[in-house]
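Enquirer: Note that the sequence shown covers residues 0 to 173 in numbering that gives the first Met the number 0.
Virtual Cβ for every residue (Gly too), placed ideally from N, Cα, C.
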Amino acid sequence: MKLIRKAKDERVIAEVNRIYKIGFNFLTVGILADIVLQVMNIHVEVHTPLASINLLEFGVVLVAQFLCLALMGRKGLMDDNAYAEADRYPWKHYLMQGILAGVSVCVLICVGQYFSGAAWASLGLGYALLVFLVQLVCIVPLTTIILLGITYVSFRYALRRRVQKEAVLGEDDD
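Dropping the structure here:
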């Protein structure tokens, strides 16, 4: 199934490639810094269920993603797909992405809980499906709302930047 039916603009592709290059370099430097800290045995003790997650790596990945998003917005682009320079917010496209992301997150969480020995894992298939359904009802709407919020803010910022650029170009023509 092809979600994007429009042809991609080569100018948009070139701009996005430059932005992703910056994001990749930031991510690479952050991961290398984390490796150096691990080799030097400098780590922070965390006593939570998420202690197995390296918070520096997680933070670097998030910052790299938001850096790319901000740089695309400054160029007047909201995404790297056919909706990069859309004049209207593509609700259906991002609603479907949010729902698919929510279901994927829910499946990953349930599988992780099952293999880590969650209490419901030994109670049978009925309880496992009930837990999955409850998590699905909670996680999918939350993930969808977060994704729609981030993409809508990105769309508004990119649209505002495009309008500003067009206004500057219009003044130069006069």
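By the three-class DSSP mapping on this structure, what secondary structure does residue 24 have?
Expert: Helix at residue 24.
Enquirer: Assign residue 194 to buried or exposed, taking buried as 16 or more other Cβ atoms, counted over all protein chains shown, within 10 Å of its Cβ.
Expert: Any property of residue 194 remains undetermined from this structure, which presents the chain solely from 0 to 173.
Enquirer: Just to confirm before moving on: does the CB-CB distance between residue 130 and residue 102 stay below 8 Å?
Expert: Result no, Cβ atoms of residue 130 and residue 102 do not sit closer than 8 Å.
Enquirer: Going by the beta-carbon positions, is the gap between residue 112 and residue 146 smaller than 8 Å?
Expert: No, these two residues do not count as a Cβ contact at 8 Å.
Enquirer: How close, in whole Å, do the beta carbons of residue 162 and residue 83 come, if the pair is a contact with beta carbons under 8 Å?
Expert: Incorrect: roughly 15 Å between the Cβ atoms, too far for contact.
Enquirer: Quick one: what's got a C-beta closer than 6 Å to residue 156's C-beta in the same chain, skipping five residues either side?
Expert: If we look at residue 156 and ignore the five residues flanking it on each side, its Cβ neighbours are 72.
Enquirer: Look up residue 164 in the DSSP assignment and say whether it is helix, strand or coil.
Expert: Residue 164: helix per DSSP, three-state reduction.
Enquirer: I need the straight-line Cα distance from residue 118 to residue 135, nearest angstrom please.
Expert: Straight-line Cα distance between these residues: approximately 18 Å.
Enquirer: Is it true that the CB of residue 149 sits closer than 8 Å to the CB of residue 191?
Expert: No statement about residue 191 is possible, as the shown extent of the chain runs from 0 to 173 and does not include it.
Enquirer: So, with DSSP's three-state summary, where would you put residue 1?
Expert: Note that residue 1 scores 49 on pLDDT, short of 50, meaning its location in the model is unreliable; the coordinates nonetheless yield the value given after this. Residue state, collapsed to three classes: coil.
Enquirer: Judging by CA-CA distance, which residue of 32, 76, 64 and 37 is the nearest neighbour of residue 164?
Expert: Checked all of 32, 76, 64 and 37; the closest Cα to residue 164 is 76.
Enquirer: Could you tell me the alpha carbon to alpha carbon distance between residue 1 and residue 160, rounded to whole angstroms?
Expert: For residue 1, the predicted structure reports a pLDDT of 49, less than 50, and the residue's modelled location is therefore unreliable. A value from the coordinates is still provided. Using only the alpha carbons, I get a separation of about 29 Å.
Enquirer: If distances are taken between C-alpha atoms only, which option among 153, 53 and 144 comes closest to residue 94?
Expert: Closest by alpha carbon: 144.
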